[in-house]
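Student:
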Amino acid sequence: MASHVVGYPRMGPKRELKFALESFWDGKSSAEELQKVAADLRSSIWKQMADAGIKHIPSNTFSYYDQVLDTTAMLGAVPPRYGWNGGEIGFDVYFSMARGNASLPAMEMTKWFDTNYHYIVPELGPDVKFSYASHKAVVEFKEAKALGVDTVPVLVGPVSYLLLSKPAKGVEKSFSLLSLIDKILPIYKEVVTELKAAGATWIQFDEPSLIWDLHAHQLQAFSHAYSELESSFAGLNVLVETYFADVPADAYKTLTSLKGVSGYGFDLVRGTQTLDLIKGGFPSGKYLFAGVVDGRNIWANDLASSLSTLKTLEGTVGKDKIVVSTSCSLLHTAVDLVNETKLDKEIKSWLAFAAQKVVEVNALAKALSGHKDEAFFSANAAAQASRKSSPRVTNEAVQKAAADLKKSDHRRATTVSARLEAQQKKLNLPILPTTTIGSFPQTLELRRVRREYKAKKISEEDYVNAIKEEINKVVKLQEELDIDVLVHGEPERNDMVEYFGEQLSGFAFTVNGWVQSYGSRCVKPPIIYGDVSRPKPMTVFWSSTAQSFTKRPMKGMLTGPVTILNWSFVRNDQPRFETCYQIALAIKDEVEDLEKAGITVIQIDEAALREGLPLRKSEQAFYLNWAVHSFRITNSGVQDTTQIHTHMCYSNFNDIIHSIIDMDADVITIENSRSDEKLLSVFREGVKYGAGIGPGVYDIHSPRIPSTEEIADRVNKMLAVLETNILWVNPDCGLKTRKYTEVKPALKNMVAAAKLLRTQL
Ligand code: GLN
Ligand code: ZN
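Using numbering that gives the first Met the number 0, you'd call the opening residue of the sequence shown number 0 and step up by one each time.
1. Sorted by chain position, which residues of the same chain lie with C-beta nearer than 7 Å to residue 711's C-beta, five sequence neighbours on each side aside?
2. Inspect the beta-carbon positions of residue 558 and residue 496 and report whether they are closer than 8 Å.
3. Count the other C-beta atoms from every protein chain shown that fall within 10 angstroms of the C-beta of residue 500, then say buried if there are 16 or more, exposed otherwise.
4. By alpha-carbon positions, which one of 121, 112, 286, 383 ends up nearest to residue 77?
5. Taking only runs that begin and end inside the segment 690-750, name each unbroken alpha helix (DSSP H) of 4 or more residues, in chain order.
6. Decide yes or no for the touch test of the segment 591-606 against the segment 548-567: beta carbon pairs closer than 8 Å, at least 3 of them.
7. If you draw a straight line from the alpha carbon of residue 498 to that of residue 490, how long is it in whole angstroms?
8. Grab the span of the beta strand (DSSP E) containing residue 289 for me, first residue to last.
9. Please state if the CB of residue 486 and the CB of residue 538 are separated by a distance shorter than 8 Å.
10. Taking the C-alpha atoms as reference points, what is the distance between residue 741 and residue 331?
11. Measure the alpha-carbon distance for residue 768 versus residue 628 and round it to whole angstroms.
12. Would you say the beta carbon of residue 606 comes nearer than 7 Å to a heavy atom of the ligand ZN?
13. What are the residues that DSSP puts in a beta bridge with residue 644?
14. Under the three-state reduction of DSSP, which class applies to residue 0: helix, strand or coil?
15. Once you ignore the five residues that flank residue 211 on each side, which residues in its own chain have a CB closer than 7 Å to its CB?
16. Can the beta-carbon of residue 605 be found closer than 8 Å to that of residue 578?
17. Should residue 107 go down as buried or exposed, given a rule of 16 or more other Cβ atoms within 10 Å for buried?
18. In the segment 585-641, which residue ranges form an unbroken beta strand (DSSP E) of at least 3 residues, counting only runs that do not cross its ends?
19. Given a threshold of 16 other Cβ atoms within 10 Å of its Cβ, counted over all protein chains shown, does residue 733 qualify as buried or as exposed?
20. Taking 8 Å as the cut-off, does the segment 522-530 touch the segment 446-455 (at least 3 CB pairs, one atom from each stretch)?
21. Distance, Cα to Cα, residue 243 vs residue 328?
22. Taking the alpha helix (DSSP H) that residue 127 falls in, what are its first and last residues?
23. Return yes when at least one heavy atom of the ligand ZN lies under 7 Å from the C-beta of residue 331, else no.
24. Leaving out five residues before and five after residue 312 in sequence, what residues of the same chain have Cβ atoms less than 7 Å from its Cβ?
25. Pick out the complete alpha helix (DSSP H) segments inside the segment 3-59, 4 residues or longer, and give them in chain order.
26. Can you tell me the Cβ-Cβ gap for residue 358 and residue 51, rounded? I've got them flagged as a contact below 8 Å.
27. Measuring CB to CB, does residue 191 end up less than 8 Å from residue 232?
28. Just to confirm, are residue 118 and residue 177 a CB contact at a threshold of 8 Å?
29. Indicate the three-state DSSP secondary structure (helix, strand or coil) for residue 507 in the structure shown.
30. Can you confirm whether the segment 525-532 touches the segment 454-466 when touching is taken to mean that 3 or more C-beta pairs between the two stretches lie within less than 8 Å?
31. So, residue 206 versus residue 239, is the Cβ gap smaller than 8 Å?
32. Can residue 489 be considered in contact with the ligand ZN, in the sense that its beta carbon sits closer than 7 Å to one or more heavy atoms?
33. Taking only three categories from DSSP, how would you classify residue 166?
34. For residue 390, does the count of other Cβ atoms within 10 angstroms reach 16, so buried, or fall short, so exposed?
35. Would you say residue 325 and residue 294 are within 8 Å of each other, going by their C-beta atoms?
36. Looking at residue 152 and residue 183, is the spacing between their C-beta atoms short of 8 Å?
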């Protein structure tokens, strides 16, 4: 019985790739050194999967930055401004597109479906000249082969590639990205032909966009593309892989009728209805890649239950046609549980990271073919049982309080305009008030202090003093820059979710459970394993300390319940909304304690609200309803004069703007500069927005320093569609990944722009 893995994390068990990339970007190591680290990682991953017994091992799932950007490179679709003049695309052009350079911003980056992974959005227009400009897929296939591992090269499928792109600047709105399909297919053909010549027997095309609610003409593009490619498929097995949700019925029909395709991959963890579709009809003689091992979470698979699913499916598709697989690429889970030496033993027995999931896939495949590893299965059953009955999972009081929440709406008593008036009386801010999003640069020194405190190498007193000093420095800097509403800079936080999770009950932490977010950036999501509660205040000490350093308003800084939920590995034994309500109650207590401590502006970040939006339209209203409700719960008890801010990151908000308004925050700061002011078009189209709003005026993801004119220009564009008195001036997001040498001049220009505009209004 065959086994397959859709894709594997690239960073390495200890983030080796991250460190190699950053050292290369900083000019501290050579391209060869970076390539060596990357090659070692690839080889150990391939060997690990081969040793585990996996039959279909993926290649080309490694990336120096992002697999969509790799595809852009493969197709030679470099936007002209990056000055590429043909030839194989090298690090220079590649990383300029990814990260920007001294004179150019990076390309836009956006969330990969509903994950916390970000891809670089291809910019395509009618004049793009495609050419085969990166042979990475073939090179990696050959590299694995030379190591004795036969792999399945993975390509982002041509239709999903186009559907994930955006029209280049200046291209007419009516331009159809799918019209480019016939221009990119010849390159795909070349790649396929070359892979075949190199000895590939299977090729995997990732077409996750098939899980969207697509229009008939979009589905038609799949049929067209694969018919076109069919001639190059001769002598090859082709797998079309989908993931992250159910494939809708019409897409299922399209998919299973594609020409030249021999197998289809489905996410059977998130896609609960796909099973019925398969039972309703599956083309004979084709392979079913059954994604039963969850690539989005860290829970050990319930092997007995998966095995029974697989047996049912086997009855439908035939004995030799079922391939046990992961639900999606393991890119979205942590790398290896082996490195978790500090995790509680019982909790650890409930978990499986990428390396363990590979073993689960193989164990299931073997069991299906009658070679069940009884010891492995019974250990798994014991762990499942211990998780179900463990007292550390259940807290009756929390269960009850969260259940009661559903009965009421939780809204502040007055309207936002009345509240803003009351707040302005107290805060007395200038028009176009300036602020930042929360974090300031996290220097090596700061990281060292936190690390040493955690390792008990320095005393609590030394730690507190060091953090206080840092806060004081950040406060003084903001005063010097003449920013209006200050932040404490978040020096005590490693990560905006982890920091809260560490102080809440029901959360567990890993040492190396990193997941790639974008480029070299990784996050270490906490694991929510039990009912959530807040034993004691979490931020009050630091926020009031910071406030004591200045007369200006100091923002209390919290992470909202939806973001904590969406950026954690969540329980799979209760609905997401139940966990979210529990977190909302804990944050509500914190908000009220901050207010009592005299903090008058409190920001509750909901950076990840948009990304939790279910991919299928039919499920979106329900999610938005409980997500927005959870946010309102956190601040429904504060006074009118307490100003509640929220912040959201790089997303497309246009379709959820009414939910954002329904959050009823007093001020929202929002990403804007990397999505080409898509956001502003909502207001241009007439959506009424009465609360304060700060669309980011410059991109903090790039080292580039924006000029005063450029910022003023952006703000002017916003003034054209928004009332002067509701507009705030702020960067896109937190500054923690930047250096002070970038942050100081950028903020200086930002404040100068606000001041300049104030004189003109
Ligand atoms: N307050 C957080 C910070 O500034 C927000 C980060 C985010 O939105 N991702 O770091
Ligand atoms: Zn942000």
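Where is the CB? At the ideal position from N, CA and C, for every residue including glycine.
Tutor: Once the coordinates are examined:
1. 752, 755, 756
2. yes
3. buried
4. 121
5. 707-718
6. yes
7. 11 Å
8. 286-292
9. no
10. 31 Å
11. Residue 768 lies beyond the range of the chain shown here (0 to 760); nothing can be said about it.
12. yes
13. 602, 666
14. coil
15. 614
16. no
17. buried
18. 600-604
19. buried
20. no
21. 10 Å
22. Neither: residue 127 is in no alpha helix (DSSP H) and is coded neither H nor E.
23. no
24. 277, 287, 289, 321
25. 15-24, 30-51
26. 5 Å
27. yes
28. no
29. strand
30. no
31. yes
32. no
33. strand
34. exposed
35. yes
36. no
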